[in-house]
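Novice: Protein chains in written order, with the numbering used here: chain A, 318 to 677; chain B, 4 to 280; chain C, 1284 to 1568. So that we are looking at the same thing, I have put the structure below in structure tokens.
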Amino acid sequence: MADLTLKSVVKRYGTFEIVHGVSLGIEDGEFVVFVGPSGCGKSTLLRMIAGLEDISGGEISIGGRVVNDVEPADRGIAMVFQSYALYPHMTVEQNLSFGLRMNGNPKEDTDRRVKRAAQILRIDQLMERRPKQLSGGQRQRVAIGRAIVREPQVFLFDEPLSNLDAELRVQMRVEIARLHKELGVTMVYVTHDQTEAMTLADKIVVLRDGNVEQIGRPLDLYDDPENTFVAGFVGSPKMNFLAGRVVGADGKTATIELVNQHEAQLKLGLSDAPTPGEEVTVGVRPEHFVDAGKGACDITVDIDVAEHLGSTSYVYAGTGSREPLIIEREESRHGDERRLTVGIPAKRAFVFAGDGRRLR
Amino acid sequence: MTRSGQNRLRSFTLHALLAPLAVVWLFPLWMMAVFSTMPDHGIFSSDVVLWFGTSFTDNVRNLQADTDFMRALTVSVFVGVVYTVLSVMLTSMAGWALARYRFLGKTAVLGIILGTITLPYFVVVIPQFVMVARDFKLANTWFALIVPPLFNSLGVLFMRQSFSMMPPDLFDAARVEGVKEWRIFLYVALPLARPTIAALSIILFLHSWNNYLWPLLISSDRSMFTAPVALGSLVGLTKVSWGGIMAGAVLLTGPMLVVFLLLQRHFIAGISAGAVK
Amino acid sequence: MRHNRTAYAFLAPYLLIFLAFWVWPIINSFIISLHMTRVNPWRFAPGANWSRLFTDPAFFNALKNTLIILVIQVPVMIALATIMAVFLNSPLLKAKGLFRFAFFAPVVVGEVAYSAVFRLMFNYDFGVINKLIAGVGLPVVDWYSNPTAAMALIIMAVTWRWAGYNAIIILAGLQSIPEDVYEAATLDRVSKVRQFFYITLPLLKPVIAFCLVLSIIGTMQLFAEPFLITNRGGPGQATETLGLFLYRQGFGSGNFGYASAVAYAIAALAVVISLIQLRLARDPQ
């Protein structure tokens, strides 16, 4: 059984606490992504799971066994580093077999594993080369190969695609997804890129400043964010946030005035009754705006820049002001307009309280 | 004047100033070589001889007769090699520990080692002698020639710097693969530190080869003289072949000069690395 | 990372030697200096050596000699080293390898070998130097019997030996100054000479300071040259340096206690002089 459990895991450097009691459970075979901005603690968490950092508090269990004091090598894990960490003075074949050789693994078994890994990753032609003779993508695959060779219970990835160019990144993303399908092993993947998270994960853990903001499936985070942070983090381009003031609420619906949009009023269903006069934030994704008149309320904006990408356009309004907006529209029908009126559908508008918490 | 004209003038002045300086600088070494090939009566004649003679082998013979120089050379080589190997091992291990681990007392150890650079050797040499010669009665032994000078702090700092500059992910990856620490050191860290080790070895060997004071003190027995000590013992004597002494000087410095010519880069790397901290 | 045991294991061999042959001797040296060691068995007499130090004319002679060498040789050598480094750094120089070899070779040559050569070269009757001097028509110098000449000889020898070493270090410092600083100055029509004095030298200060400290510490311990070239500090004690004095006391007379006190005095002096020198270098100019 290769499930992974974190119970109130804490990390402290001296008196400075950077991970504040994280608890989560990962099931056997799941692909979980830790995502969040730089410094949120995701890499630290990963390294604690790996055993490369000491655990200041709480418990980590792998396959039902508490591994707090177990050496990295004995935890049944394998890790792929952001910098690949290939041994520069060894060939690909030696890189793959190094760990096994050092531990006295029988030669046949080592050869078998190395061959298998090379085949899965399609690097069998590169076995005699040294890392500096390989391309970025090839090096990445060798790094993954090194992990496969260990036949671990849990795979750990520490921002493996950050050093690759955009096109390669897409390719490798697909490779990793394919790998997961083929091997069926539990994978924990750390990234700051929400696209990677959304496309690869079975389950996403959003982290900020050492705290878990939300855990859920990708589409859950997209459709049902817990707070402004998650709402703004997931989805590209970023969700638009409009300042609002509650004008009326009756326990089933609420009317919110959009302060910066010429006092447009939005009425939507809301059971968490906010107090009238309370200041809230309304979130609408760029892709959810509808044509004027087709939504719960309309807003009109002055267009600053329009980007035409062929099948979609992005309209930027209010850039530099307190409330910049991005609106996504189909095709590029609309040429040279200066103003745009769009509608906000009630069902796609999220309301957040002053502290960022989502009101439902 | 044109730009290139200016440059040519500058180049001329540069060479005009530097060339004589270089000649002056090379002069002693040149004379050393010349003297080593001249018979004693030639050296002590009133002619100015600036070119080689033919008496090199004679001088070597004289040298050998005056003091068993070949034996001394062998002693020097043996001591030098063993010293270098041991010192590289010790300093690389210590540098590794200081570079890559957090442990209790690390700052204290680092501080003491840094402190040793500033303290003159003289403060140490007397009690070292007392300890080794008097208390341990180990004068004239290989141990005495090799071990006490092993406390080379620059080597430790040098290796430490080299190891710190290696990407930590590399060692983490090995740890995750279950490779034991000493194997990581031996099979990953050391191979990557090869250029540093090369530079360090040269400097260490040179230091041992030329070391004069300590071997002078600790070896009173002729058979345990290192080459510099053997040579030095002749300098004060009256009935000695100076041609032989010069031949000895050539034998002493020749190899190191050749090594220097071939490995200039490593030498310079070693010396300047210690300085540009 | 908890790895205390492994770290100690790696550190232990070196540390053992270090503690045994460096730390302990330093402490022991101080202890010895507090003993009267002229006769066996040694007697504990804290004042004996230290008070003698302050009134011993031989010590002060050695101190005087060492300071003379220090004050003359070190600045001259550093200046020379800087010039060497600057010239070696010039892109206009041809046969760089040859020049480099010429200046750096002395570093490689051992103290004994070069002392022997110098001793021969400066021989009164048959030394090359005197022959050359006579050839030019100047009066010959008695290098070994004339105290001033002997001192000059030592200074010349030490300068010859160490200028190249310092030049290497200064050269490294020179090469770490980025090109654009000079390019900007040239665009501003600052002459090369001024560039040297107003850009290069100030930027080289830390490197030169480092060389100065190294040289001071080295000169304070000067031993082999006066021992071998001027025949143990001759004429008389005219070139007896502190190093030689220490050797004479400790290993000539076997008076380890006194020699230890002298050693500590040398160390203290070296530190003081270095500090003074560093302080002076830090003065805003």
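C-beta: ideal position from N, C-alpha, C; glycine also. Bear in mind that the values here come from a model prediction, so they are computed numbers and not experimental data.
Exposed or buried, which one is B:GLN281 when buried takes at least 16 other CB atoms within 10 Å?
Specialist: Nothing can be reported for residue 281 of chain B: it is not among the residues displayed for chain B, which extend from 4 to 280.
Novice: Using 8 angstroms as the limit for Cβ to Cβ distance, is B:LEU195 near chain A?
Specialist: Here residue 195 of chain B refers to the residue found at position 192 of the second sequence. Interface residue, yes.
Novice: Is it the case that the Cβ atoms of A:LEU417 and A:ARG433 are separated by a distance below 8 angstroms?
Specialist: Walking along the first sequence from the start, residue 417 of chain A turns up at place 100. Walking along the first sequence from the start, residue 433 of chain A turns up at place 116. No. Outside cutoff.
Novice: Listing by chain order, which chain A residues have their CB less than 9 angstroms from the CB of B:ALA173?
Specialist: Locating residue 173 of chain B in the second sequence gives position 170, where the first residue counts as 1. Looking at the sequence provided, one finds Leu at residue 173 of chain B rather than Ala. In chain order: PHE398, SER400, ALA402, LEU403, TYR404, PRO405.
Novice: Listing by chain order, which chain B residues have their CB less than 9 angstroms from the CB of A:GLY416?
Specialist: As a working note, residue 416 of chain A is residue 99 in the first sequence. Those are ALA176, ALA177, VAL179, GLU180, GLY181, VAL182, listed as they occur along chain B.
Novice: By how many angstroms is the C-alpha of B:LEU265 removed from the C-alpha of B:GLY251?
Specialist: Here residue 251 of chain B is taken as the residue at index 248 of the second sequence, counted from 1. Here residue 265 of chain B is taken as the residue at index 262 of the second sequence, counted from 1. One C-alpha to the other measures close to 22 angstroms.
Novice: Using the beta-carbon of each residue, which ones in chain C are nearer than 9 angstroms to B:VAL127?
Specialist: Translated into the one-based positions of the second sequence, residue 127 of chain B becomes position 124. Near B:VAL127 (Cβ distances below 9 angstroms), the residues of chain C are PHE1304, TRP1305, PRO1308, ILE1309, SER1312, ALA1546.
Novice: Just to confirm, are A:ARG602 and A:ARG534 a CB contact at a threshold of 8 angstroms?
Specialist: The residue labelled residue 602 of chain A in the question sits at position 285 within the first sequence. The residue labelled residue 534 of chain A in the question sits at position 217 within the first sequence. The answer is no: Cβ separation not under 8 angstroms.
Novice: Give a yes or no on whether the minimum CB-CB distance between B:THR256 and chain C is below 8 angstroms.
Specialist: Start at 1 with the first residue of the second sequence, and residue 256 of chain B comes out as number 253. True, the Cβ-Cβ gap to chain C drops below 8 angstroms.
Novice: Alpha carbon to alpha carbon, how far is B:PRO231 from C:PHE1401? Give it in angstroms, no decimals.
Specialist: Along the third sequence, read from residue 1 onward, the residue named residue 1401 of chain C stands at position 118. Along the second sequence, read from residue 1 onward, the residue named residue 231 of chain B stands at position 228. Using only the alpha carbons, I get a separation of about 15 angstroms.
Novice: Between the C-alpha atoms of C:THR1320 and C:GLY1330, what's the straight-line distance to the nearest angstrom?
Specialist: To locate residue 1320 of chain C, count along the third sequence from 1; it is residue 37. To locate residue 1330 of chain C, count along the third sequence from 1; it is residue 47. About 12 angstroms.
Novice: Per the DSSP calculation, A:GLY586 is bridged to which residue(s)?
Specialist: Along the first sequence, read from residue 1 onward, the residue named residue 586 of chain A stands at position 269. Partner(s): A:THR570.
Novice: Which chain B residues sit within Cβ distance under 8 angstroms of C:GLN1504?
Specialist: The count along the third sequence starts at 1 and reaches residue 1504 of chain C at position 221. In chain order: PRO123, TYR124, PHE125.
Novice: Could you please give the first and the last residue of the uninterrupted beta strand (DSSP E) stretch that includes A:TYR506?
Specialist: Here residue 506 of chain A refers to the residue found at position 189 of the first sequence. Its beta strand (DSSP E) spans residues 503-508.
Novice: Please state the DSSP three-state secondary structure of C:SER1536.
Specialist: Your numbering for residue 1536 of chain C matches position 253 in the third sequence. Looking at C:SER1536 - three-state DSSP - the assignment turns out to be coil, as it is neither helix nor strand.
Novice: Throw me the rounded Cβ distance for the B:ASP71 and A:SER400 pair, which I believe falls under 8 angstroms.
Specialist: To locate residue 71 of chain B, count along the second sequence from 1; it is residue 68. To locate residue 400 of chain A, count along the first sequence from 1; it is residue 83. At roughly 58 angstroms, the Cβ-Cβ gap does not stay under 8 angstroms, so B:ASP71 and A:SER400 are not in contact.
Novice: On the premise that A:LEU587 lies in contact with A:ALA571, defined as a C-beta separation below 8 angstroms, what is that separation, rounded to the nearest angstrom?
Specialist: What you label residue 571 of chain A is simply residue 254 of the first sequence in a count that begins at 1. What you label residue 587 of chain A is simply residue 270 of the first sequence in a count that begins at 1. Going by Cβ atoms, the distance from A:ALA571 to A:LEU587 rounds to 4 angstroms, so yes, they are a contact pair.
Novice: Are there 16 or more other CB atoms within 10 angstroms of the CB of C:ILE1310, so buried, or fewer, so exposed?
Specialist: Here residue 1310 of chain C refers to the residue found at position 27 when the third sequence is read from its first residue. C:ILE1310 comes out exposed.
Novice: Are there 16 or more other CB atoms within 10 angstroms of the CB of A:GLN442, so buried, or fewer, so exposed?
Specialist: The residue you call residue 442 of chain A lines up with position 125 of the first sequence. Exposed, by the Cβ-count rule.
Novice: Pull up the CB-CB distance for C:LEU1457 and C:ASN1372, whole angstroms please, since I reckon it's below 8 angstroms.
Specialist: Walking along the third sequence from the start, residue 1457 of chain C turns up at place 174. Walking along the third sequence from the start, residue 1372 of chain C turns up at place 89. Going by Cβ atoms, the distance from C:LEU1457 to C:ASN1372 rounds to 5 angstroms, so yes, they are a contact pair.
Novice: Ignore the nearest five residues each way along the sequence and tell me which others in C:PHE1539's own chain have a CB closer than 7 angstroms to its CB.
Specialist: Translated into positions along the third sequence, residue 1539 of chain C becomes position 256. Once the five neighbours on either side are set aside, the close Cβ partners of C:PHE1539 are ILE1315, THR1320, GLY1533.
Novice: What does the alpha-carbon distance come out to for the pair C:GLY1420 and C:ASN1413?
Specialist: Position 137 of the third sequence, counting from 1, holds the residue named residue 1420 of chain C. Position 130 of the third sequence, counting from 1, holds the residue named residue 1413 of chain C. Roughly 10 angstroms between the two C-alpha positions.
Novice: Which same chain residues, not among the five before or five after A:MET556, have their C-beta less than 6 angstroms away from its C-beta?
Specialist: The count along the first sequence starts at 1 and reaches residue 556 of chain A at position 239. Cβ neighbours of A:MET556 beyond the five flanking positions: ALA548, GLY549, GLY600, ARG602.
Novice: Let me know the secondary structure DSSP gives B:LYS109 once reduced to three states.
Specialist: The sequence position of residue 109 of chain B within the second sequence is 106, counting from 1. Helix.
Novice: Does the separation of the CB atoms of C:GLN1520 and C:ALA1341 fall below 8 angstroms?
Specialist: Residue mapping note: residue 1520 of chain C aligns to position 237 of the third sequence, counting from 1. Residue mapping note: residue 1341 of chain C aligns to position 58 of the third sequence, counting from 1. Yes; because the gap between Cβ atoms is below 8 angstroms, this pair is in contact.
Novice: When you compare only the Cα positions, how much space is there between C:THR1578 and B:LEU203?
Specialist: Because chain C spans 1284 through 1568 in this model, residue 1578 of chain C falls outside it and cannot be assessed.
Novice: Who are the Cβ neighbours of C:ILE1300 in its own chain at under 7 angstroms, not counting the five residues just before and after it?
Specialist: Within the third sequence, residue 1300 of chain C is the residue found at index 17, counting from 1. Taken in chain order, the list of residues that qualify is empty.
Novice: Using the C-alpha atoms, what's the distance from B:GLY247 back to B:LEU255?
Specialist: Your numbering for residue 255 of chain B matches position 252 in the second sequence. Your numbering for residue 247 of chain B matches position 244 in the second sequence. In a straight line, the C-alpha of B:LEU255 is about 12 angstroms away from that of B:GLY247.
Novice: How long is the line joining the alpha carbons of C:MET1284 and B:MET34, rounded to whole angstroms?
Specialist: The residue given as residue 1284 of chain C occupies position 1 in the third sequence. The residue given as residue 34 of chain B occupies position 31 in the second sequence. For C:MET1284, the pLDDT reaches just 46, beneath the cut-off of 50, and the residue's location in the model is therefore unreliable, leaving the point undetermined.
Novice: Show which residues of chain B have a CB atom less than 8 angstroms away from the CB atom of A:ILE394.
Specialist: Counting from 1 along the first sequence, the entry for residue 394 of chain A is found at position 77. In chain order: VAL179.
Novice: Beta-carbon of B:PRO170 versus every beta-carbon of chain A: anything under 8 angstroms?
Specialist: Position 167 of the second sequence, counted from the start, is the residue given in the question as residue 170 of chain B. Chain A, which has a Cβ nearer than 8 angstroms to the Cβ of B:PRO170, makes this yes.
Novice: Taking only the alpha-carbon atoms, compute the straight-line gap between A:PHE398 and B:ASP175 and give it to the nearest angstrom.
Specialist: As a working mapping, residue 398 of chain A is identified with position 81 in the first sequence. As a working mapping, residue 175 of chain B is identified with position 172 in the second sequence. For A:PHE398 and B:ASP175, the distance between alpha carbons rounds to 9 angstroms.
Novice: To which residues does DSSP link B:ALA177 through a beta bridge?
Specialist: Residue numbering aside, residue 177 of chain B sits at position 174 when the second sequence is read from its first letter. B:ALA177 pairs with nothing; no bridge assigned.
Novice: Mark C:SER1474 as exposed unless 16 or more other C-beta atoms lie within 10 angstroms of its C-beta, in which case mark it buried.
Specialist: What you label residue 1474 of chain C is simply residue 191 of the third sequence in a count that begins at 1. The residue in question, C:SER1474, is exposed, as its Cβ has fewer than 16 Cβ neighbours within 10 Å.
Novice: If the cut is a Cβ gap below 8 angstroms, which residues of chain B does C:GLU1394 touch?
Specialist: Residue numbering aside, residue 1394 of chain C sits at position 111 when the third sequence is read from its first letter. What C:GLU1394 touches in chain B: ASN213, TYR215, PRO231.
Novice: Between the beta-carbon of B:THR229 and the beta-carbon of B:SER7, is there less than 8 angstroms?
Specialist: Here residue 229 of chain B refers to the residue found at position 226 of the second sequence. Here residue 7 of chain B refers to the residue found at position 4 of the second sequence. Not in contact: B:THR229 and B:SER7 (Cβ atoms no closer than 8 angstroms).
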